[in-house]
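Q: Position 76 of the sequence shown, counted from 1, bears residue number 1210 in my numbering, the numbering being contiguous throughout.
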Amino acid sequence: MIENAILLDSTVPTYALGEAHRLRDSNRALLSRLVAGEFRGYASVEMVQELVHHRLRRTGDRAEAVSNGRDIVSILTILNFDREILDLSLALVERHPTVRGRD
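Written out as structure tokens, the structure reads:
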């Protein structure tokens, strides 16, 4: 059985949390659908770190940036990224032309 799921990149919460942008509403809607349980969301620990780094750089508010990271963690399954996963990801990039290095 194939699960109804997505792997979330940091751009989704970054746009959703950011200032007015043509992609903000669609990314907010996607996160709302995740919260509503329409599908499962996955992300790597690196995605959360990248989000917190970006929010801290943009806002300068350490507490808010950490809160944003914790909020996104609460609605996703967080995947560890270790050597085995790295090796598998490199194999996917090698075999599938639509998969890129950070996917």
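Each residue gets a CB set at the ideal place from its N, CA and C atoms; glycine is no exception.
#1: Which residue or residues does DSSP assign as beta-bridge partners of Y1176?
#2: How many angstroms separate the CA atom of L1222 from the CA atom of H1230?
#3: For G1171, does the count of other Cβ atoms within 10 angstroms reach 16, so buried, or fall short, so exposed?
#4: Beta-carbon separation of M1279 and L1226 under 8 Å?
#5: If distances are taken between C-alpha atoms only, which option among E1137, R1162 and D1216 comes closest to Y1176?
#6: Would you mind working out which of L1165, R1167, I1212 and I1140 sits nearest Q1183, comparing C-alpha positions?
#7: Quick check: what's the CA-CA separation for A1197 versus L1165?
#8: May I ask you to report which of helix, strand or coil DSSP gives P1231?
#9: I'd like the list of long-range same chain contacts for N1202, defined as Cβ closer than 8 Å, with 5 residues on each side in sequence excluded.
A: So, to answer that:
#1: For the purposes of this step, residue 1176 is taken as residue 42 along the sequence shown, with counting starting at 1. Looking at the DSSP assignment, Y1176 forms a beta bridge with L1141 and T1211.
#2: For the purposes of this step, residue 1222 is taken as the residue at position 88 of the sequence shown. For the purposes of this step, residue 1230 is taken as the residue at position 96 of the sequence shown. Using only the alpha carbons, I get a separation of about 12 Å.
#3: Walking along the sequence shown from the start, residue 1171 turns up at place 37. Exposed.
#4: With the chain running from 1135 to 1237 in the structure shown, residue 1279 is simply not present.
#5: In the sequence shown, counting from the first residue as 1, residue 1176 sits at position 42. Y1176 has its Cα closest to that of E1137, out of E1137, R1162 and D1216.
#6: By one-based count along the sequence shown, residue 1183 stands at place 49. Of L1165, R1167, I1212 and I1140, the residue nearest in Cα terms is I1212.
#7: The count along the sequence shown starts at 1 and reaches residue 1197 at position 63. The count along the sequence shown starts at 1 and reaches residue 1165 at position 31. Annotation: A1197 to L1165 spans about 21 Å, alpha carbon to alpha carbon.
#8: As a working note, residue 1231 is residue 97 in the sequence shown. Coil.
#9: As a working mapping, residue 1202 is identified with position 68 in the sequence shown. Excluding five sequence positions before and after N1202, the CB atoms of its chain that fall closer than 8 Å to its own CB belong to P1147, L1151, L1185, V1186 and R1189, given in chain order.
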